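As numbered in numbering that gives the first Met the number 0, the sequence shown has no gaps in its residue numbers, which increase by one up to the final residue, 84.
No residue lacks a Cβ here, since even glycine has one placed at the ideal position from N, Cα and C.
Just so we're clear, the structure is a prediction, and the values are computed from it rather than from any experiment.
Since the structure comes first, as structure tokens, the remarks are kept for the end.
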Amino acid sequence: MLVDLLLEPAEPPPLLYHGTPERNLEAILRGGLQSMGRHHVHLSPDEATAEEAGQRRGRPVVLAMDARAMRRDGWEFYRSGNGVW
């Protein structure tokens, strides 16, 4: 089922962050970030928020994303009303 999330493309800041439990790190490094059944990969605007997201299910790891380079390479970014990218 397709769902319109009403998200408009937005220009990201230079860096965004992804928080995940430590046990996921190897799979991410091997295969990249995956949406894992969600509509998009969730990124945070700062390290503290990403760490908080990552610790929900274990010891957190925070990955920094070069959003500026990704945008230059054609990736689209969206920001939700609660500040999640």
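What do you get for residue i, buried or exposed, if any count of 16 or more other CB atoms within 10 angstroms of its CB means buried?
i: residue 49; result: buried
i: residue 64; result: buried
i: residue 28; result: exposed
i: residue 5; result: exposed
Measuring CB to CB, does residue i end up less than 7 Å from residue j?
i: residue 25; j: residue 60; result: no
i: residue 51; j: residue 8; result: no
i: residue 44; j: residue 18; result: no
i: residue 90; j: residue 15; result: Nothing can be reported for residue 90: it is not among the residues displayed for the chain, which extend from 0 to 84.
Shorter than 7 Å from the beta carbon of residue i to some beta carbon of chain D?
i: residue 61; result: The chain inventory of the structure shown lacks chain D, comprising one protein chain alone.
By the DSSP assignment, the alpha helix (DSSP H) with residue i in it spans what residues?
i: residue 9; result: Element bounds for residue 9: n/a, residue is neither H nor E.
i: residue 62; result: Careful: residue 62 lies outside any alpha helix (DSSP H), inside the beta strand (DSSP E) at 59-65.
i: residue 73; result: No alpha helix (DSSP H) contains residue 73, which DSSP labels as neither H nor E.
i: residue 85; result: No information on residue 85 is available, as it lies outside the stretch 0 to 84 that the chain covers here.
Give me the DSSP bridge partner(s) of residue i.
i: residue 43; result: 16
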